[in-house]
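Asks: Quick one: structure below, then a few questions.
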Amino acid sequence: MRLPAHRTSLLRGFALVVAAGLASACAEPPDPEMHEAQGAIDTARAAGADVYAAEEYDAAVVALERSHQAVAERDYRQGLSHALDARERAQAAARMAADQRAIVRSEAEHALETVEATARQLDASLTSADTARVGRTTLERARLTARAAEEAVQEARSALASENYVTARDATRGLAEQLRDVIGQLDAAMAGHSPRW
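Structure follows, in structure tokens:
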């Protein structure tokens with residue numbers, strides 16, 4: 000079915016207006032979108048995305064760099080595409096960072112509690128081993144481990160207080176297992192009644 004001539008003219012006119020709008024949209028640098036992308040990246044960084052969602056954050060930064068490069072080459076359509084991509088990635092990184100930050104904080108707090116409880120057990124074992132006259136070398140190694148644990152606990156507490164949860168978690172990583180090993184060595188030494196030398 001053929002459209003009347005005046006309707007065909009209207010449709011052609013509308014198509015020309017849309018095409019002109021699209022052409023003009025890409026005839027200028029996408030400065031507003033690039034500014035929005037930079038703002039989203041800054042917000043993501045403030046939320047800790049560079050630490051807690053580093054991959055997505057870095058991708059946003061790279062996308063914005065590509066946007067600047069495309070604009071420098073006067074490829075405004077590509078510049079716009081990269082700017083929009085950068086903004087989306089930065090916003091996603093900010094959301095991911097909030098979730099991951101909460102997870103790492105919980106892990107750090109749990110690890111610290113576990114190490115503190117295990118360190119108390121080691122202190123009790125040291126007292127018992129000293130009373131049982133366990134060998135000096137064994138006792139000294141255990142005391143060195145206890146001191147190292149105390150320093151790590153202080154570092155973790157300080158990091159938690161400053162909301163540096165990755166450092167807090169890493170400060171006590173694997174420490175509870177080391178303390179349990181030393182407790183086991185003291186228990187074995189006491190069971191064997193090793194003489195002090």
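Per numbering that gives the first Met the number 0, residue 0 is the first one in the sequence shown, and the count goes up by one each step. No residue lacks a Cβ here, since even glycine has one placed at the ideal position from N, Cα and C. The model shown is predicted, which means the values in this text are computed figures rather than measured ones.
#1: Going by CA-CA distance only, name the one from Gly38, Val114 and Ala53 that's closest to Leu83.
#2: Taking 7 Å as the cut-off, decide whether the C-beta atoms of Ala96 and Tyr164 are in contact.
#3: If we count the other Cβ atoms within 10 Å of its Cβ and call it buried at 16 or more, is Thr126 buried or exposed?
#4: Taking the continuous alpha helix (DSSP H) assigned at Thr137, which residues delimit it?
#5: Do the CB positions of Ala59 and Arg88 come within less than 7 Å of each other?
#6: Quick one: is Glu112 buried, meaning 16 or more other Cβ sit within 10 Å of its Cβ, or exposed?
#7: Measure how close the beta-carbons of Ala131 and Met189 come, nearest whole angstrom, since I'm counting them as under 8 Å.
#8: May I ask you to report which of helix, strand or coil DSSP gives Gly38?
#9: Which of helix, strand or coil does DSSP assign to Gly47?
#10: Under 8 Å, with one C-beta from each stretch per pair, do the segment 62-76 and the segment 179-188 reach the 3-pair mark?
Replies: To lay it out plainly:
#1: Selected option, being the one with the closest Cα: Gly38.
#2: Taking 7 Å as the Cβ cut-off, Ala96 and Tyr164 do not qualify as a contacting pair.
#3: It counts as exposed.
#4: Residue range Arg135 to Ala160 is occupied by the alpha helix (DSSP H) that includes Thr137.
#5: Yes. Within cutoff.
#6: Exposed, since its Cβ has fewer than 16 Cβ neighbours within 10 Å.
#7: Right, the Cβ-Cβ distance comes to about 5 Å (below 8 Å), so this counts as a contact.
#8: DSSP places Gly38 in the helix class (H, G or I) of the three-state scheme.
#9: Coil at Gly47, not helix or strand.
#10: With a cut-off of 8 Å, the segment 179-188 and the segment 62-76 do not count as touching, because too few Cβ pairs lie within range.
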